[in-house]
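Working notes for the structure below.
In the numbering used here, the protein residues as written are 72 to 315.
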């Protein structure tokens, strides 16, 4: 009698019958996988993230701008994507690398799958990769840039040429790229699924938040504390700000 396969093995990611995605590091190391986002080619600095949850927050975190995120947790996409768990109004990462994409995402808040979200936001990504091997590579070699190609018929030489165009992040004014261009008021508080409310302070505080890549969750917490919040660009200066 054949032993029955445990049920958790039935929740597979995309069928990796054919490798159509390549990740080429600047030191020549290459990984093959399956495309989960748009077709194209993109370069960036590869960093790893060991979080077991919060992949949507990571993708929209301005501090990851121009970086390709390598997720060490083997299963990503379990709960899909929702409209609340974001840190900004766009995806800031240049790409994402995961071991296994869950195609049976389940959550009562889900509005789309992870793959659909990447395509909608014009982001490249790949699965079927040993992400922990990549993490060991980064641990041993230090910071590395890489080029990711999905569904494109390019040689390693072409990918290396594309990677050489990436300027790297050292010395880059990244705050300029992620800061708001206009002043706006923030009025949204945290979402409390248990229905509990935070006791606000007796005296309302007025806050001017300089956006150097601020996360929306920081603004939500300030709102929970009873603050009146005005978000301004990184270069904003006004004598009135010291009296507001």
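Idealized CB from N, CA, C, for every residue including glycine.
These numbers were taken from a predicted model, which means no experiment stands behind them.
- By the 16-neighbour rule on beta-carbons within 10 angstroms, residue 214 is exposed.
- For residue 110, there is no enclosing beta strand (DSSP E), as DSSP marks it with neither H nor E.
- With the rule of 3 Cβ pairs closer than 8 Å, the stretch 194-208 counts as touching the stretch 100-119.
- Per the Cβ contact rule, the stretch 235-251 is in contact with the stretch 110-118 (3 or more Cβ pairs under 8 Å).
- For secondary structure counted as the alpha helix (DSSP H) over 4 or more consecutive residues, the stretch 281-314 holds these complete runs in sequence order: 287-295.
- Excluding five sequence positions before and after residue 208, the CB atoms of its chain that fall closer than 8 Å to its own CB belong to 96, 100 and 215, given in chain order.
- In the structure shown, residue 101 adopts extended strand secondary structure according to DSSP, grouped into three states.
- 148 is the residue among 148, 159 and 228 whose C-alpha sits nearest the C-alpha of residue 182.
- By the neighbour-count definition (other C-beta atoms within 10 Å, threshold 16), residue 162 is a buried residue.
- Here residue 225 carries a coil assignment [DSSP, helix/strand/coil].
- Residue range 202-212 is occupied by the alpha helix (DSSP H) that includes residue 205.
- Between residue 186 and residue 165 the beta-carbon gap is near 17 Å, outside 8 Å, which marks them as no contact.
- Assignment of beta-bridge partners to residue 116 by DSSP yields 138 and 216.
- For residue 245, the three-state secondary structure derived from DSSP is helix.
- By the C-beta density criterion, residue 175 is exposed, having fewer than 16 other C-beta atoms within 10 angstroms.
- Scanning 244, 251, 240 and 294 for the CA closest to the CA of residue 262 turns up 294.
- Residue environment for residue 226: exposed (fewer than 16 other C-beta atoms within 10 angstroms of its C-beta).
- The three-state secondary structure of residue 191, taken from DSSP, is helix.
- Taking residue 189 as the centre and dropping the five residues before and after it, the same chain places the C-beta of 108 and 196 closer than 6 Å to its C-beta, in chain order.
- Collapsing the DSSP output to three states places residue 167 in a strand.
- Annotated as proximal: residue 249 and residue 284, with beta-carbon spacing under 9 Å.
- Counting along the chain, residue 95 sits inside the beta strand (DSSP E) bounded by residues 92-96.
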